Amino acid sequence: MILGRLLKGAGFEVSEACHGRDALAQLAANGTPDLVLVDWNMPEMNGLEFVQAVRADAAYGAMKVMMVTTESEAARVEIAMAAGANEYVMKPFTPDVLKVKLTTLGLAS
Amino acid sequence: MSVAYQAAEIVALAADRQSWVKAAGDALRAVADTAMGFATTVHGVVAAPTGTALAAYIPIVSPDESLQIGIVADDASARILVRALLQMTPTEELTDAVIVDAFGEVANMVAGMTKAAMSAWTGLVALGLPMVIHGWVAPSDGVVLDCLSARVGDATVTVVIARSRRSR
Numbered sequence: 000m001i002l003g004r005l006l007k008g009a010g011f012e013v014s015e016a017c018h019g020r021d022a023l024a025q026l027a028a029n030g031t032p033d034l035v036l037v038d039w040n041m042p043e044m045n046g047l048e049f050v051q052a053v054r055a056d057a058a059y060g061a062m063k064v065m066m067v068t069t070e071s072e073a074a075r076v077e078i079a080m081a082a083g084a085n086e087y088v089m090k091p092f093t094p095d096v097l098k099v100k101l102t103t104l105g106l107a108s
Numbered sequence: 000m001s002v003a004y005q006a007a008e009i010v011a012l013a014a015d016r017q018s019w020v021k022a023a024g025d026a027l028r029a030v031a032d033t034a035m036g037f038a039t040t041v042h043g044v045v046a047a048p049t050g051t052a053l054a055a056y057i058p059i060v061s062p063d064e065s066l067q068i069g070i071v072a073d074d075a076s077a078r079i080l081v082r083a084l085l086q087m088t089p090t091e092e093l094t095d096a097v098i099v100d101a102f103g104e105v106a107n108m109v110a111g112m113t114k115a116a117m118s119a120w121t122g123l124v125a126l127g128l129p130m131v132i133h134g135w136v137a138p139s140d141g142v143v144l145d146c147l148s149a150r151v152g153d154a155t156v157t158v159v160i161a162r163s164r165r166s167r
């Protein structure tokens, strides 16, 4: 919700999903977005499982994935990045941090 | 020898409990500052809150610990926190669904930072999903409760650390 408001304010078109399985369904129905931001802790399918699922599907190879989560241990970051996440943002974050990450991914200037 | 061992165990338990309280207070300060732009004054450990309030709890589990980190606030304070977190204007509509979702996110961030600070003490731990309720849930005899009163901006907040007595 916080991310959605920030991204809409920055001019992005945003769709929200309740959990990883819902996000996969939206991808299948609506096509591939430029970026998916995903929390680690979600019901049904967690963020890591979502990253693993999309990285196993070549159709989503160009799609950027950013983990945005309270899971801040270095081991968690390594696991997420090894699974195929492109960026990792630890909560709490400031809007400036999000902007830097978007710029790094080539989605903001 | 036996008595000395027991005394050492008691000291270790006390230090551990204080560490959870300190970690939760530090986490609240960091979340309020970073995510809401609020200064926080932690008043210290108080009695459990009573009456109608909004409460959000996050479970933290590990092989040695089983606890819940909660954030409790009255309606006005919850609205202050949510508006700040979502950077809402004073006139923007705030629905119950948004309050519940965002208040749960506040608890999620506080619990996450508390877990990170305590992970060196407790080993690998995992966060659960938020549970947001209206009203105060009284703990049973098997639960050790620490409540931390704090002022976050203009909001009054209680951080609750509820631990099972079976946990170390």
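Protein chains in written order, with numbering that gives the first Met the number 0: chain A, 0 to 108; chain B, 0 to 167.
Built from N, CA and C at the ideal position, the CB exists for glycine as well.
Here the structure is a predicted model, which means the values were calculated and not measured.
Check: Straight-line Cα distance separating glutamate 43 of chain A from alanine 52 of chain A; Outcome: 13 Å
Check: Those residues which DSSP pairs with histidine 133 of chain B across a bridge; Outcome: B/Leu53
Check: Rounded straight-line distance, which links the Cα of phenylalanine 102 of chain B to that of leucine 144 of chain B; Outcome: 21 Å
Check: Glycine 105 of chain A to alanine 9 of chain A span [Cα, whole Å]; Outcome: 14 Å
Check: Where glutamine 86 of chain B sits in the DSSP three-state scheme; Outcome: coil
Check: Bridge partners - glycine 63 of chain A, DSSP secondary structure assignment; Outcome: What sits at residue 63 of chain A in the sequence shown is lysine, not glycine. For lysine 63 of chain A, which the question treats as bridged, DSSP gives the partners A/Leu34.
Check: Nearest-angstrom Cα separation, counted from methionine 35 of chain B out to phenylalanine 92 of chain A; Outcome: 10 Å
Check: Three CB pairs or more closer than 8 Å across the stretch 88 to 103 of chain A and the stretch 145 to 161 of chain B; Outcome: no
Check: Proximal chain E residues relative to phenylalanine 11 of chain A, where beta-carbon distance stays under 7 Å; Outcome: The chain labelled as chain E is not found among the protein chains of the depicted structure, namely A and B.
Check: Segment contact, 8 Å Cβ cut-off, at least three pairs: the stretch 67 to 76 of chain A with the stretch 101 to 119 of chain B; Outcome: yes
Check: Three-state secondary structure (DSSP) of serine 65 of chain B; Outcome: strand
Check: Supposed contact pair phenylalanine 49 of chain A and valine 67 of chain A - C-beta distance, whole angstroms, cut 8 Å; Outcome: With a Cβ gap of about 12 Å, valine 67 of chain A and phenylalanine 49 of chain A do not count as contacting.
Check: Alanine 57 of chain A: first and last residue of the uninterrupted beta strand (DSSP E) it sits in; Outcome: From DSSP, alanine 57 of chain A is part of no beta strand (DSSP E); its letter is neither H nor E.
Check: Cβ-Cβ separation, isoleucine 70 of chain B to alanine 106 of chain B (assumed contact under 8 Å), whole Å; Outcome: 4 Å
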